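If you count by this note's numbering, then the sequence shown holds residues -1 to 109, one letter each, in order. Ideal Cβ placement from N, Cα and C applies to all residues, glycine included. Predicted model, so just to flag it, every value in this text is computed and none were measured.
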Amino acid sequence: MKPATPLPYYATGPNIRASLSEIADGALVCTSLHDYTYLRSNASEYQDATYIVHACNMYPELVEALRNTRNVLEQALPLLADVSTDEQDSREEVESVIDQASAILAKCEGE
């Protein structure tokens, strides 16, 4: 899944903005967490916007790291034993982690 507007996003108060060079002021408001029934934003709106921006901007790196981890585990499977020890998980345990990573990646890729 990819955002409709390019990353990175920026939090400006309760607003989440994407930097776009074709916009006159250099930014486009993607969304606002501001509750317009009140005259001013509260601290939680700022904190929520900052959290959402951080998660959005980290998303591509996290997906890539999960994909790389899954690939390394798949390559290591032939080296693993059928039974776990204190030092090493069993092949079945690692296959379970690979399956979980694959399911999450499928969701990330919109499948």
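- For the pair Asn13 and Ala47, the CB atoms are nearer than the 8 Å cut-off.
- Within the same chain, Cβ atoms closer than 8 Å to the Cβ of Ser82 are found at Ser88 and Glu91, the five residues on either side in sequence being excluded.
- According to the DSSP assignment, Ala79 belongs to no beta strand (DSSP E), since it is labelled neither H nor E.
- Under the 10 Å beta carbon count, Ala104 is surrounded by fewer than 16 other beta carbons and is classified as exposed.
- Sixteen is the threshold: since fewer than 16 other Cβ atoms of the shown chains lie within 10 Å of the Cβ of Val95, the residue is exposed.
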